[in-house]
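Okay, so here's the structure we're looking at.
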Amino acid sequence: MGNYNIATLAGDGIGPEVIKQGIKVLNQVGLNFGHKFRFDFAPVGATAIDQTGSPLPDDTLALCKRSDAIFFGAIGHPRFDNDPTATVRPEQGLLKLRKELGLYANLRPVAGYDELTHLSPLRPERMKGVDILVVRELTGGTYFGDKGRRDGGDTAYDTCVYSRHEIERILVVAFDAAAKRGKKLKLVDKANVMESSRLWREIMREMAPRYPEIEVSYMFVDNAAMQLIINPAQFDVIVTDNLFGDILSDASSVLAGSLGLLPSSSIGAEIGMFEPIHGSWPEGAGQDRANPIATILSAAMMLDHLGLVEEGDAIRQAVNETLASGVGTEDLNPKKQVGTDALGDLIVEAIR
Ligand code: IPM
Ligand code: MN
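Residue numbering for the sequence shown follows UniProt numbering, beginning at 1 and increasing consecutively.
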């Protein structure tokens, strides 16, 4: 029995409506297991820019720092996407949050649901047994390299910088994750071209003997992109840098049939952040159409991280049951289509 303070950053677009479903589910878990979750709301992203001028206001950051976990919706708005000259952007809120809080490890699990294999862009037989965890480095690499990004003229720089310390700590997370799963760890990089990738490989080779039970392997990122499509079942844990991880986790996420199903956690520091991997889908906002499952499963990852694994399992089981009953939001092309709110209610009901 515990009290937990959850910094709740719903963000932009469909963020608020999917977060609402996650809160309903957590409250039901609280009732079942005798926990109390307090949700403190704060703005982030485009919403925060509109309210305060900053994508990550100081108050929001301070709230995150004093909370037990961060529950995050989505950020982004098209009015910034099409304007390369915008200097204040919603995404900066997320990047700053990751950096300031030291959330260097991003865990993105991708597993197929048997009843949804028909939704996958891959043939059902290729989806058999797919269960992948992408471990993406989140606070280094090209996303954060070298601040002098423009020489004032027609040359622009994005520098990929990694230190031994940054690589070692993310590899520890990946080895530990592999030990708890299928015991296979693949480093995905571009070591045939990039020096930073060669450092990753060097350190991986050094560390591997410390984990004799883990089968270590290496793959170039271009090949990995292809292998994820032709034979995704070969992968267990993939560990990779920030940019490659961004791309490969989106690619692997659609294997399951809908981006709306996949949760993520960002960890490393004492506090963790939990969010659906989909974006803010501004065109769908406020229409009760978004799939809340990615957010609800992110809440389950949050519970795991707080040490409440049985509680997390209760959520996962409720989601499985609900999907198996044939209901779902429109992205799931279900037998019985329901809206965001109704799907949240059904999952709450399944937990109760
Ligand atoms: C993600 C997103 C972010 C990223 C954007 C919004 C900055 O795509 O979480 O994968 O690129 O990391
Ligand atoms: Mn991304």
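Idealized CB from N, CA, C, for every residue including glycine.
Relative to the ligand MN, the beta carbon of ASP246 is positioned inside 6 Å of a heavy atom. Residue state for PRO16 is assigned as helix, using DSSP reduced to three classes.
Around the C-beta of HIS278, 16 or more other C-beta atoms lie within 10 Å, and the residue is accordingly described as buried. ASP146 and VAL134 do not touch by the CB rule: their CB atoms are close to 26 Å apart, not below 8 Å.
When rounded, the separation of the alpha-carbon atoms in LEU228 and VAL239 is 14 Å.
Three or more beta-carbon pairs separated by less than 8 Å link the region 332 to 346 to the region 287 to 305, which places the two stretches in contact. For the pair of segments examined, the region 59 to 75 was found to touch the region 6 to 13: the number of CB pairs separated by less than 8 Å reaches three. GLU137 has its Cβ no nearer than 6 Å to any heavy atom of the ligand IPM.
DSSP places SER249 in the helix class (H, G or I) of the three-state scheme. Beta-carbon to beta-carbon, GLY102 and GLU91 are separated by about 19 Å, too far to satisfy the 8 Å threshold. For the options LEU94, ASP151, ASN223, PRO78, the alpha carbon positioned closest to that of ALA285 is the one of PRO78. Residues ALA105 of the same chain have their beta carbon placed closer than 6 Å to that of ILE267, with the five preceding and five following residues left out of the count. Residues of the same chain with a CB within less than 6 Å of the CB of GLU311, apart from the 5 flanking positions on each side, are VAL29, PHE33, LEU303 in chain order. Counting along the chain, the unbroken beta strand (DSSP E) around VAL188 starts and ends at 184 to 189.
For the ligand IPM, a non-hydrogen atom lies closer than 6 Å to the CB of GLU91. At the C-beta level, LEU297 and PRO263 come within 7 Å of one another. Within the model, the alpha-carbon separation for GLU213 versus ILE203 is close to 18 Å. If you draw a straight line from the Cα of THR60 to the Cα of VAL173, it is about 27 Å long. Rounded to whole angstroms, the gap between the alpha carbons of LEU138 and THR159 is 15 Å. For GLU275, the enclosing beta strand (DSSP E) starts and ends at 273 to 276. In the displayed model, GLY145 falls within coil according to three-state DSSP, outside both helix and strand.
Boundaries of the beta strand (DSSP E) harbouring LEU107: 105 to 111, taken from the DSSP string.
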